[in-house]
Amino acid sequence: RHAFGGPFLRIGAVKGYADGSLGSATAYFFQPFDDQPNNHGLLSDEMQPLSLMRDRMMKADAAGLQLCTHAIGDQGISIILDLYSEIAKAHGEADRRWRIEHAQHMAAKDFDRFAQLHVIASVQPYHAIDDGRWAEKRIGHDRATRTYAFRTFLDHGVRLALGTDWNVAPLNPLLTVYAAVTRATLDGKNPNGWFPEQKLTVSEAMEAYTMGSAYAEFQEKDKGSITPGKLADMVLLSDDIFSLDPTKIRDVKVLKTVVGGKVVWDAEAGPLH
-8 RHAFGGPFLR IGAVKGYADG SLGSATAYFF QPFDDQPNNH GLLSDEMQPL
42 SLMRDRMMKA DAAGLQLCTH AIGDQGISII LDLYSEIAKA HGEADRRWRI
92 EHAQHMAAKD FDRFAQLHVI ASVQPYHAID DGRWAEKRIG HDRATRTYAF
142 RTFLDHGVRL ALGTDWNVAP LNPLLTVYAA VTRATLDGKN PNGWFPEQKL
192 TVSEAMEAYT MGSAYAEFQE KDKGSITPGK LADMVLLSDD IFSLDPTKIR
242 DVKVLKTVVG GKVVWDAEAG PLH
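Just so you know, the sequence shown maps onto residues -8 to 264 in our numbering.
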């Protein structure tokens, strides 16, 4: 609400960390890990005591800053939703567009809370095809059904914003779209998709990646679609990804990149100044 900057650098949000990651067994869960029965993850230092994070969030919201919080485990996510709810009650209704970054492993009860609080699920689909190789060994089948639950989010009316999570994951956005629509794990063992009921269509993935991400940063009036009056930021691709076999999307090449109406990169010429 009080953001400042220009089209290339805009500051208006603050990021916090609720917990760790699944791979390091530090994401914060209600129940212990299946392969580590004495461990259910941990909260980050800035969450201890919880009043520390609450106070910081209250002050940031009062200053008009958007809250974007890393939360991966189901209990970590649930606690952040609790804090968001407290802030909404204390400060009243507003167009805040709070985000939870990653939102990887959900408790069933919290999909509705996401929607009720208008929280955006800022997700990175590549992790699904990476973690899907081994995640069930760590959290079991039941919890895995609510892991990278993109379809369930949409079914509950939750807005999605897609990203890469670079440099933790590859920067290629077409690989991100491929992951969202195929969920085919990197080991080749799930060619039809790991929990295929959670797949997105190409149209849904592109909407979440473009307009969804623009909305998530209060910029949907300036970008997110090729529309008169918006910034002419776009790419020319080697193939039509809407008609292409989804398994081929990761191989699509960028031929030209246009920023602000100017061609800044060409596959044959390279960067253009």
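For each residue, glycine too, the CB sits at the ideal point set by N, CA and C. Predicted model only: the values in this text are computed from it and were never measured.
Spell out whether any CB of chain B is found under 8 Å from the CB atom of residue i.
i     : result
Met38 : The structure shown contains no chain B; it holds only a single protein chain.
Just verifying my parser: in three-state terms, what is the DSSP assignment at residue i?
i       : result
Thr138  : strand
Lys50   : helix
Pro262  : strand
Ser76   : helix
Asp257  : strand
Gly(-4) : strand
Thr60   : strand
Ala112  : strand
Gln265  : Outside the displayed span of the chain (-8 to 264) sits residue 265, for which this structure offers no information.
Gln189  : helix
Gln66   : helix
In the DSSP assignment, the beta strand (DSSP E) including residue i goes from what residue to what residue?
i      : result
Tyr8   : Ala4 to Tyr8
Ala223 : Counting along the chain, Ala223 falls outside any beta strand (DSSP E), and DSSP gives it neither H nor E.
Glu92  : Arg90 to His93
The alpha helix (DSSP H) that contains residue i, what's its start and end?
i      : result
Ala85  : It is not in any alpha helix (DSSP H) - Ala85 carries neither H nor E in the DSSP assignment.
Gln107 : Asp101 to Gln107
Within 10 Å of its beta-carbon, does residue i have 16 or more other beta-carbons around it, so buried, or fewer, so exposed?
i       : result
Pro219  : exposed
Ser69   : buried
Pro(-2) : exposed
Leu191  : buried
Gly179  : exposed
Gln189  : buried
Val149  : buried
Gln95   : buried
Glu92   : buried
Ala112  : buried
Thr84   : It should be pointed out that residue 84 corresponds to Glu in this sequence rather than to Thr. By the 10 Å Cβ count, Glu84 comes out exposed.
Asp26   : exposed
Ile2    : exposed
Trp89   : buried
Asp101  : buried
On the DSSP bridge list, what partners appear for residue i?
i      : result
Thr248 : Val226 and Trp256
His96  : Thr138
Arg241 : DSSP lists no partner for Arg241.
Gln27  : Phe24
Arg1   : Gly(-4)
Unbroken stretches of the alpha helix (DSSP H), 4 residues or longer, contained in the stretch 195 to 220: 204 to 207
Within the stretch 115 to 187, note down every full alpha helix (DSSP H) run reaching 4 residues or more, in order along the chain. Qualifying alpha helix (DSSP H) stretches, in chain order: 117 to 122, 126 to 135, 141 to 146 and 164 to 173.
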